[in-house]
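Step one of this worksheet: look at the structure below.
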Amino acid sequence: MRPRILIFLFVLVSASLTLQAGLPAKRPAKPVKNIILLIGDGMGVSEVYAGYTYQKGSLNMMRFRTAGFSVTYSTSYITDSGAGGTALATGYKTYNGAIGVDSTGQPVKTILEWAEEKGKATGLVATCAITHATPASFISHQARRSDYELIASDFLKTDVDVFIGGGRNHFAKRKDSVDLTRQLIEKGYTMAYTLEELGGIAKGPVGALLAPEHLPKISEGRGNQLTESVNQAIRFLSADPDGFFLMVEGSQIDWGGHANDIKYIVEEVADFDNAVGAALDFAEKNPETLIIVTADHETGGLALAGGKLSTGQVTGSFTTTDHTGVMVPVFAYGPFSETFGGMQQNTEIFSKMMNAFGFIKSKTN
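Read in order, the letters of the sequence shown correspond to residues 8 to 372 in our numbering.
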(Lines of atoms letter the chains of each structure in order from A and count residues from 1; the text may use other names and numbers.)
(Lines give C-alpha, C1' and ligand atoms only; values in the text may rest on other atoms or scores of the structure.)
Protein backbone atom coordinates (compact mmCIF):
# COMPACT_ATOMS: atom_id res chain seq x y z
CA MET A 1 0.00 0.00 0.00
CA ARG A 2 2.88 2.38 0.77
CA PRO A 3 3.92 2.79 -2.93
CA ARG A 4 0.30 3.54 -3.88
CA ILE A 5 0.01 6.16 -1.13
CA LEU A 6 3.26 7.78 -2.20
CA ILE A 7 2.14 7.83 -5.82
CA PHE A 8 -1.21 9.35 -4.81
CA LEU A 9 0.46 12.02 -2.71
CA PHE A 10 2.88 12.82 -5.54
CA VAL A 11 0.02 13.22 -8.02
CA LEU A 12 -1.98 15.34 -5.56
CA VAL A 13 0.91 17.66 -4.78
CA SER A 14 1.83 17.93 -8.46
CA ALA A 15 -1.74 18.80 -9.39
CA SER A 16 -1.88 21.38 -6.60
CA LEU A 17 1.33 23.03 -7.75
CA THR A 18 0.10 23.04 -11.34
CA LEU A 19 -3.16 24.69 -10.33
CA GLN A 20 -1.36 27.25 -8.19
CA ALA A 21 1.01 28.06 -11.01
CA GLY A 22 -1.96 28.67 -13.29
CA LEU A 23 -3.73 30.96 -10.85
CA PRO A 24 -3.56 34.68 -11.55
CA ALA A 25 -1.53 36.78 -9.16
CA LYS A 26 -3.50 38.36 -6.32
CA ARG A 27 -5.08 41.58 -7.50
CA PRO A 28 -5.28 44.81 -5.52
CA ALA A 29 -8.67 45.42 -3.94
CA LYS A 30 -9.45 48.52 -5.99
CA PRO A 31 -8.43 50.16 -9.28
CA VAL A 32 -5.44 52.46 -9.41
CA LYS A 33 -5.98 56.20 -9.31
CA ASN A 34 -3.10 57.23 -11.57
CA ILE A 35 -1.08 55.66 -14.38
CA ILE A 36 2.17 57.08 -15.76
CA LEU A 37 3.36 55.35 -18.93
CA LEU A 38 6.93 56.19 -19.94
CA ILE A 39 8.05 55.16 -23.43
CA GLY A 40 11.70 55.14 -24.40
CA ASP A 41 11.39 55.34 -28.17
CA GLY A 42 13.82 52.88 -29.76
CA MET A 43 14.95 51.57 -26.35
CA GLY A 44 15.79 47.88 -26.34
CA VAL A 45 17.61 45.93 -23.65
CA SER A 46 21.00 46.86 -25.12
CA GLU A 47 20.14 50.55 -24.94
CA VAL A 48 19.11 50.18 -21.29
CA TYR A 49 22.36 48.44 -20.38
CA ALA A 50 24.38 50.95 -22.38
CA GLY A 51 22.73 53.68 -20.32
CA TYR A 52 23.42 51.72 -17.14
CA THR A 53 27.09 51.52 -18.08
CA TYR A 54 27.23 55.21 -19.03
CA GLN A 55 25.76 56.03 -15.60
CA LYS A 56 28.46 53.88 -13.95
CA GLY A 57 26.05 51.21 -12.79
CA SER A 58 23.21 53.42 -11.62
CA LEU A 59 19.76 53.73 -13.19
CA ASN A 60 16.36 54.58 -11.75
CA MET A 61 15.07 51.67 -13.83
CA MET A 62 16.94 49.44 -11.36
CA ARG A 63 14.33 50.45 -8.76
CA PHE A 64 11.67 48.32 -10.46
CA ARG A 65 11.01 44.81 -9.15
CA THR A 66 8.70 43.67 -11.94
CA ALA A 67 10.13 43.24 -15.42
CA GLY A 68 9.06 41.60 -18.66
CA PHE A 69 9.23 41.85 -22.43
CA SER A 70 6.95 43.29 -25.11
CA VAL A 71 6.57 41.77 -28.58
CA THR A 72 6.43 44.73 -30.95
CA TYR A 73 5.48 43.57 -34.45
CA SER A 74 2.71 45.45 -36.27
CA THR A 75 0.92 44.12 -39.36
CA SER A 76 4.52 44.06 -40.59
CA TYR A 77 7.29 42.09 -38.89
CA ILE A 78 9.10 45.34 -38.02
CA THR A 79 6.96 48.10 -36.53
CA ASP A 80 7.35 51.85 -36.74
CA SER A 81 6.50 54.36 -34.01
CA GLY A 82 3.03 55.05 -35.41
CA ALA A 83 1.94 51.44 -35.25
CA GLY A 84 3.94 50.80 -32.08
CA GLY A 85 2.45 53.79 -30.31
CA THR A 86 -1.05 52.91 -31.50
CA ALA A 87 -0.69 49.35 -30.15
CA LEU A 88 0.23 50.68 -26.71
CA ALA A 89 -2.44 53.39 -26.81
CA THR A 90 -5.37 51.36 -28.17
CA GLY A 91 -4.66 47.64 -27.96
CA TYR A 92 -4.75 47.21 -31.74
CA LYS A 93 -2.03 45.98 -34.06
CA THR A 94 -2.09 48.18 -37.16
CA TYR A 95 -0.13 49.16 -40.24
CA ASN A 96 3.08 51.18 -40.07
CA GLY A 97 2.40 54.90 -40.20
CA ALA A 98 -1.05 54.64 -38.64
CA ILE A 99 -2.01 57.03 -35.85
CA GLY A 100 -4.84 55.89 -33.58
CA VAL A 101 -6.55 53.81 -36.28
CA ASP A 102 -6.81 50.05 -36.77
CA SER A 103 -5.55 48.07 -39.75
CA THR A 104 -8.66 49.02 -41.75
CA GLY A 105 -8.18 52.73 -41.04
CA GLN A 106 -11.01 52.98 -38.50
CA PRO A 107 -10.42 55.22 -35.44
CA VAL A 108 -10.05 53.33 -32.16
CA LYS A 109 -10.32 54.83 -28.69
CA THR A 110 -7.05 55.40 -26.85
CA ILE A 111 -6.31 54.89 -23.17
CA LEU A 112 -6.01 58.67 -22.87
CA GLU A 113 -9.51 59.08 -24.32
CA TRP A 114 -10.84 56.39 -22.00
CA ALA A 115 -9.35 58.24 -19.04
CA GLU A 116 -10.89 61.53 -20.23
CA GLU A 117 -14.28 59.86 -20.60
CA LYS A 118 -14.07 58.49 -17.06
CA GLY A 119 -13.31 61.93 -15.62
CA LYS A 120 -9.58 61.63 -15.11
CA ALA A 121 -7.05 64.31 -16.00
CA THR A 122 -4.75 63.48 -18.91
CA GLY A 123 -1.37 64.59 -20.18
CA LEU A 124 1.34 64.11 -22.79
CA VAL A 125 5.06 64.95 -22.54
CA ALA A 126 7.72 64.40 -25.22
CA THR A 127 11.15 65.62 -26.32
CA CYS A 128 10.01 65.68 -29.95
CA ALA A 129 7.16 67.57 -31.59
CA ILE A 130 4.02 66.72 -29.62
CA THR A 131 2.48 65.88 -33.01
CA HIS A 132 5.10 63.20 -33.69
CA ALA A 133 4.12 59.55 -34.00
CA THR A 134 4.23 58.26 -30.43
CA PRO A 135 2.49 61.12 -28.57
CA ALA A 136 0.09 61.58 -31.48
CA SER A 137 -1.01 57.94 -31.19
CA PHE A 138 -2.60 58.70 -27.81
CA ILE A 139 -4.66 61.69 -28.92
CA SER A 140 -5.14 61.65 -32.69
CA HIS A 141 -6.74 59.48 -35.36
CA GLN A 142 -5.07 59.88 -38.74
CA ALA A 143 -4.20 57.55 -41.58
CA ARG A 144 -0.65 58.89 -41.91
CA ARG A 145 1.83 59.88 -39.21
CA SER A 146 3.28 62.56 -41.51
CA ASP A 147 0.05 64.61 -41.43
CA TYR A 148 1.34 66.79 -38.60
CA GLU A 149 -1.06 69.67 -39.16
CA LEU A 150 -4.07 67.34 -39.13
CA ILE A 151 -2.73 65.75 -35.96
CA ALA A 152 -2.36 69.20 -34.37
CA SER A 153 -5.99 69.94 -35.27
CA ASP A 154 -7.05 66.82 -33.37
CA PHE A 155 -5.86 68.43 -30.12
CA LEU A 156 -8.91 70.68 -30.35
CA LYS A 157 -11.16 67.61 -30.43
CA THR A 158 -9.97 66.41 -27.03
CA ASP A 159 -9.85 67.75 -23.50
CA VAL A 160 -6.28 66.76 -22.73
CA ASP A 161 -5.31 68.76 -19.65
CA VAL A 162 -1.56 69.11 -20.21
CA PHE A 163 0.67 68.69 -23.24
CA ILE A 164 4.35 69.59 -23.27
CA GLY A 165 6.78 69.19 -26.16
CA GLY A 166 7.86 70.73 -29.43
CA GLY A 167 5.92 71.26 -32.64
CA ARG A 168 4.86 74.90 -32.30
CA ASN A 169 4.93 75.37 -36.09
CA HIS A 170 2.27 72.68 -36.57
CA PHE A 171 -0.10 74.78 -34.47
CA ALA A 172 0.76 78.33 -35.54
CA LYS A 173 2.75 78.48 -38.80
CA ARG A 174 0.54 76.23 -40.87
CA LYS A 175 -0.07 75.89 -44.59
CA ASP A 176 -3.74 76.72 -44.03
CA SER A 177 -2.78 79.88 -42.03
CA VAL A 178 -5.00 78.76 -39.14
CA ASP A 179 -3.63 79.66 -35.71
CA LEU A 180 -4.53 76.69 -33.53
CA THR A 181 -2.86 78.25 -30.48
CA ARG A 182 -5.46 81.02 -30.59
CA GLN A 183 -8.22 78.44 -30.88
CA LEU A 184 -6.79 76.53 -27.93
CA ILE A 185 -6.78 79.73 -25.87
CA GLU A 186 -10.39 80.34 -26.86
CA LYS A 187 -11.16 76.82 -25.68
CA GLY A 188 -9.72 77.65 -22.26
CA TYR A 189 -6.08 76.64 -22.51
CA THR A 190 -3.20 78.71 -21.21
CA MET A 191 -0.31 78.47 -23.66
CA ALA A 192 3.35 78.56 -22.63
CA TYR A 193 6.50 78.61 -24.72
CA THR A 194 9.15 78.08 -22.05
CA LEU A 195 9.31 76.00 -18.89
CA GLU A 196 9.66 79.21 -16.90
CA GLU A 197 6.32 80.41 -18.28
CA LEU A 198 4.80 77.00 -17.54
CA GLY A 199 5.99 77.14 -13.94
CA GLY A 200 4.10 80.40 -13.44
CA ILE A 201 0.75 78.94 -14.47
CA ALA A 202 -1.42 77.90 -11.54
CA LYS A 203 -3.82 75.44 -13.15
CA GLY A 204 -4.70 73.73 -16.42
CA PRO A 205 -5.65 73.09 -19.05
CA VAL A 206 -2.28 74.10 -20.42
CA GLY A 207 -0.22 73.54 -23.54
CA ALA A 208 3.53 74.13 -23.63
CA LEU A 209 5.10 74.24 -27.09
CA LEU A 210 8.79 74.56 -26.29
CA ALA A 211 10.27 74.50 -29.80
CA PRO A 212 9.22 75.18 -33.40
CA GLU A 213 9.81 71.50 -34.24
CA HIS A 214 11.70 69.04 -32.00
CA LEU A 215 13.52 69.88 -28.78
CA PRO A 216 17.34 69.98 -28.96
CA LYS A 217 19.49 66.96 -28.17
CA ILE A 218 20.98 66.65 -24.70
CA SER A 219 24.36 67.35 -26.34
CA GLU A 220 22.93 70.59 -27.75
CA GLY A 221 21.90 71.95 -24.37
CA ARG A 222 18.41 70.61 -23.65
CA GLY A 223 19.35 70.13 -20.02
CA ASN A 224 16.75 68.67 -17.67
CA GLN A 225 13.72 69.81 -19.67
CA LEU A 226 12.19 66.32 -19.80
CA THR A 227 12.33 65.73 -16.06
CA GLU A 228 11.10 69.25 -15.34
CA SER A 229 8.28 68.75 -17.85
CA VAL A 230 7.26 65.54 -16.09
CA ASN A 231 7.25 67.28 -12.71
CA GLN A 232 5.19 70.16 -14.10
CA ALA A 233 2.73 67.77 -15.74
CA ILE A 234 2.31 65.85 -12.49
CA ARG A 235 1.77 69.14 -10.64
CA PHE A 236 -1.19 69.98 -12.86
CA LEU A 237 -2.63 66.49 -13.18
CA SER A 238 -2.40 65.43 -9.54
CA ALA A 239 -4.77 68.25 -8.61
CA ASP A 240 -7.61 66.18 -10.06
CA PRO A 241 -9.21 64.15 -7.23
CA ASP A 242 -10.26 61.47 -9.73
CA GLY A 243 -6.67 60.76 -10.76
CA PHE A 244 -4.87 60.97 -14.07
CA PHE A 245 -3.19 59.29 -17.03
CA LEU A 246 0.16 60.64 -18.24
CA MET A 247 2.22 59.44 -21.21
CA VAL A 248 5.88 60.50 -21.28
CA GLU A 249 8.18 59.83 -24.23
CA GLY A 250 11.95 59.91 -24.30
CA SER A 251 11.79 60.52 -28.03
CA GLN A 252 15.39 60.83 -29.11
CA ILE A 253 16.84 57.48 -28.01
CA ASP A 254 15.39 56.34 -31.32
CA TRP A 255 17.22 59.02 -33.27
CA GLY A 256 20.53 57.97 -31.76
CA GLY A 257 19.81 54.46 -33.00
CA HIS A 258 18.98 55.67 -36.50
CA ALA A 259 22.25 57.61 -36.49
CA ASN A 260 24.20 54.61 -35.11
CA ASP A 261 25.53 57.06 -32.52
CA ILE A 262 26.03 55.33 -29.17
CA LYS A 263 26.95 58.59 -27.42
CA TYR A 264 23.62 60.09 -28.52
CA ILE A 265 21.81 56.97 -27.28
CA VAL A 266 23.35 56.82 -23.81
CA GLU A 267 22.87 60.54 -23.17
CA GLU A 268 19.20 60.25 -24.10
CA VAL A 269 18.71 57.05 -22.07
CA ALA A 270 20.22 58.78 -19.02
CA ASP A 271 17.90 61.75 -19.53
CA PHE A 272 14.88 59.47 -19.93
CA ASP A 273 15.91 57.60 -16.80
CA ASN A 274 15.88 60.86 -14.83
CA ALA A 275 12.25 61.30 -15.89
CA VAL A 276 11.56 57.72 -14.79
CA GLY A 277 13.02 58.66 -11.42
CA ALA A 278 10.67 61.63 -11.10
CA ALA A 279 7.69 59.38 -11.82
CA LEU A 280 8.86 56.79 -9.29
CA ASP A 281 9.40 59.46 -6.64
CA PHE A 282 5.78 60.55 -7.10
CA ALA A 283 4.51 56.96 -6.97
CA GLU A 284 6.39 56.22 -3.76
CA LYS A 285 4.53 59.10 -2.10
CA ASN A 286 1.23 58.30 -3.84
CA PRO A 287 0.74 54.53 -3.62
CA GLU A 288 -2.39 54.51 -5.80
CA THR A 289 -0.11 55.10 -8.79
CA LEU A 290 1.02 52.55 -11.38
CA ILE A 291 4.24 53.27 -13.29
CA ILE A 292 5.04 51.45 -16.55
CA VAL A 293 8.23 51.86 -18.58
CA THR A 294 8.58 50.29 -22.01
CA ALA A 295 9.45 51.04 -25.65
CA ASP A 296 7.58 51.00 -28.93
CA HIS A 297 10.47 49.16 -30.65
CA GLU A 298 14.25 48.90 -30.71
CA THR A 299 16.31 50.96 -33.17
CA GLY A 300 19.71 50.22 -34.64
CA GLY A 301 20.21 46.59 -33.62
CA LEU A 302 22.76 47.66 -31.01
CA ALA A 303 25.21 45.04 -29.76
CA LEU A 304 27.45 46.05 -26.87
CA ALA A 305 31.07 45.15 -27.58
CA GLY A 306 32.78 46.54 -24.50
CA GLY A 307 32.60 48.95 -21.63
CA LYS A 308 33.79 49.86 -18.16
CA LEU A 309 31.36 50.54 -15.33
CA SER A 310 33.91 52.47 -13.31
CA THR A 311 34.38 55.09 -16.04
CA GLY A 312 31.06 54.94 -17.90
CA GLN A 313 32.76 54.01 -21.15
CA VAL A 314 30.69 51.83 -23.49
CA THR A 315 31.24 50.71 -27.07
CA GLY A 316 29.03 48.84 -29.50
CA SER A 317 28.15 48.07 -33.07
CA PHE A 318 24.92 48.32 -35.03
CA THR A 319 23.24 45.99 -37.51
CA THR A 320 20.95 48.57 -39.14
CA THR A 321 20.05 52.25 -39.26
CA ASP A 322 16.38 51.30 -38.93
CA HIS A 323 14.12 49.56 -36.43
CA THR A 324 14.48 45.89 -35.48
CA GLY A 325 12.00 43.21 -34.45
CA VAL A 326 13.55 42.31 -31.09
CA MET A 327 11.46 42.33 -27.94
CA VAL A 328 11.75 45.40 -25.72
CA PRO A 329 11.75 45.63 -21.93
CA VAL A 330 8.75 46.34 -19.73
CA PHE A 331 9.15 47.57 -16.15
CA ALA A 332 6.30 48.20 -13.71
CA TYR A 333 5.88 49.58 -10.19
CA GLY A 334 2.85 49.94 -7.95
CA PRO A 335 -0.58 48.31 -7.83
CA PHE A 336 -1.14 45.75 -10.62
CA SER A 337 2.56 45.88 -11.50
CA GLU A 338 2.84 42.09 -11.25
CA THR A 339 0.57 41.71 -14.29
CA PHE A 340 3.26 43.23 -16.52
CA GLY A 341 5.86 40.55 -15.84
CA GLY A 342 6.82 37.95 -18.43
CA MET A 343 6.49 37.98 -22.19
CA GLN A 344 3.51 39.88 -23.64
CA GLN A 345 2.19 41.46 -26.81
CA ASN A 346 2.48 45.26 -26.93
CA THR A 347 -1.33 45.35 -27.24
CA GLU A 348 -1.63 43.64 -23.85
CA ILE A 349 -0.07 46.66 -22.16
CA PHE A 350 -3.17 48.64 -23.16
CA SER A 351 -5.45 45.89 -21.81
CA LYS A 352 -3.54 45.73 -18.54
CA MET A 353 -3.76 49.51 -18.09
CA MET A 354 -7.50 49.32 -18.73
CA ASN A 355 -7.77 46.56 -16.12
CA ALA A 356 -5.71 48.53 -13.61
CA PHE A 357 -7.98 51.55 -14.05
CA GLY A 358 -11.06 49.34 -13.75
CA PHE A 359 -12.31 50.41 -17.17
CA ILE A 360 -14.61 47.94 -18.92
CA LYS A 361 -14.50 47.87 -22.70
CA SER A 362 -17.85 46.91 -24.25
CA LYS A 363 -18.36 45.47 -27.72
CA THR A 364 -19.51 48.87 -28.98
CA ASN A 365 -16.46 50.92 -27.94
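Don't be surprised by glycine CBs; every beta carbon is placed ideally from N, CA and C.
All figures in this text were calculated on a predicted structure; none of them were measured in a lab.
On the premise that residue j lies in contact with residue i, defined as a C-beta separation below 8 angstroms, what is that separation, rounded to the nearest angstrom?
i             : j              : result
glutamate 345 : lysine 40      : At roughly 18 angstroms, the Cβ-Cβ gap does not stay under 8 angstroms, so glutamate 345 and lysine 40 are not in contact.
alanine 199   : isoleucine 208 : 6 angstroms
glycine 172   : proline 142    : 6 angstroms
isoleucine 42 : alanine 363    : 6 angstroms
glycine 75    : leucine 66     : That pair is no contact at about 17 angstroms.
threonine 354 : glycine 98     : 5 angstroms
valine 167    : leucine 131    : 6 angstroms
glycine 250   : glutamate 220  : Going by Cβ atoms, the distance from glycine 250 to glutamate 220 rounds to 33 angstroms, so no, they are not a contact pair.
proline 187   : leucine 205    : The identity of residue 187 in the sequence shown is leucine, whereas the question assumes proline. With 8 angstroms as the limit, leucine 187 and leucine 205 do not qualify as a contact, their Cβ atoms being about 18 angstroms apart.
Given a cut-off of 8 angstroms on the beta-carbon distance, is the pair residue i and residue j in contact?
i                 : j                 : result
valine 321        : valine 273        : yes
alanine 159       : threonine 138     : yes
glycine 49        : glycine 314       : no
threonine 79      : glycine 319       : no
threonine 326     : glycine 348       : no
serine 226        : cysteine 135      : no
aspartate 247     : alanine 150       : no
leucine 297       : alanine 339       : yes
glycine 92        : glutamate 305     : no
aspartate 303     : serine 88         : yes
methionine 254    : leucine 119       : yes
glycine 214       : phenylalanine 170 : yes
serine 77         : methionine 360    : no
glycine 64        : leucine 316       : yes
phenylalanine 366 : glycine 47        : no
threonine 165     : isoleucine 192    : no
histidine 330     : threonine 86      : yes
threonine 234     : alanine 285       : yes
glutamate 256     : alanine 133       : yes
Starting from residue i and walking both ways along the beta strand (DSSP E), at which residues does that stretch end?
i                 : result
alanine 336       : For clarity, residue 336 is proline in the given sequence; the question names alanine instead. Looking at the DSSP string, the run of the beta strand (DSSP E) that includes proline 336 is 335-340.
phenylalanine 366 : Where phenylalanine 366 is concerned, there is no enclosing beta strand (DSSP E), given that its DSSP letter is neither H nor E.
lysine 315        : 310-315
phenylalanine 252 : 251-257
glycine 2         : No answer is possible for residue 2: the residues shown for the chain start at 8 and end at 372.
valine 78         : 73-78
valine 321        : 320-324
threonine 129     : 128-136
isoleucine 351    : The sequence given here has glutamine at residue 351, not isoleucine. 349-352 is the span of the beta strand (DSSP E), which, as asked, contains glutamine 351.
glycine 264       : Looking at the DSSP string, glycine 264 is not in any beta strand (DSSP E); the run it does join, the alpha helix (DSSP H), is 260-265.
glycine 47        : 41-47
leucine 216       : 213-216
threonine 197     : 197-199
Go ahead and label residue i buried or exposed: buried means 16 or more other beta carbons lie within 10 angstroms of its beta carbon, across all protein chains shown.
i                 : result
serine 2          : Nothing about residue 2 can be reported from this structure: the residues present for the chain run from 8 to 372 only.
phenylalanine 357 : buried
proline 38        : buried
glutamine 232     : buried
tyrosine 102      : buried
glutamate 123     : buried
alanine 312       : exposed
glycine 29        : Confidence at glycine 29 is low in this model, with a pLDDT of 37, below 50, so the placement of that residue is unreliable and no value is reported for it.
alanine 310       : exposed
glutamate 275     : buried
threonine 111     : exposed
tyrosine 84       : exposed
glutamine 113     : exposed
threonine 117     : buried
arginine 229      : buried
lysine 194        : exposed
The alpha helix (DSSP H) with residue i in it runs from where to where?
i              : result
glutamine 62   : Unbroken run through glutamine 62: none, as it is neither H nor E.
asparagine 176 : 175-179
leucine 233    : 232-244
leucine 297    : That residue, leucine 297, is in no alpha helix (DSSP H); its beta strand (DSSP E) goes 296-301.
leucine 119    : 118-124
isoleucine 272 : 269-292
tyrosine 155   : 155-161
alanine 140    : 140-143
lysine 194     : 187-194
leucine 222    : No alpha helix (DSSP H) holds leucine 222; DSSP gives it neither H nor E.
Return the CA-CA distance between residue i and residue j, expressed in angstroms with no decimal places.
i              : j                 : result
alanine 179    : methionine 350    : 43 angstroms
tyrosine 155   : alanine 90        : 16 angstroms
glycine 341    : glycine 126       : 22 angstroms
alanine 282    : tyrosine 61       : 16 angstroms
arginine 70    : serine 53         : 18 angstroms
isoleucine 260 : isoleucine 241    : 23 angstroms
threonine 73   : tyrosine 56       : 17 angstroms
valine 115     : threonine 197     : 28 angstroms
lysine 270     : methionine 68     : 19 angstroms
lysine 182     : asparagine 176    : 10 angstroms
glutamine 239  : asparagine 293    : 16 angstroms
leucine 222    : alanine 96        : 23 angstroms
valine 337     : phenylalanine 343 : 13 angstroms
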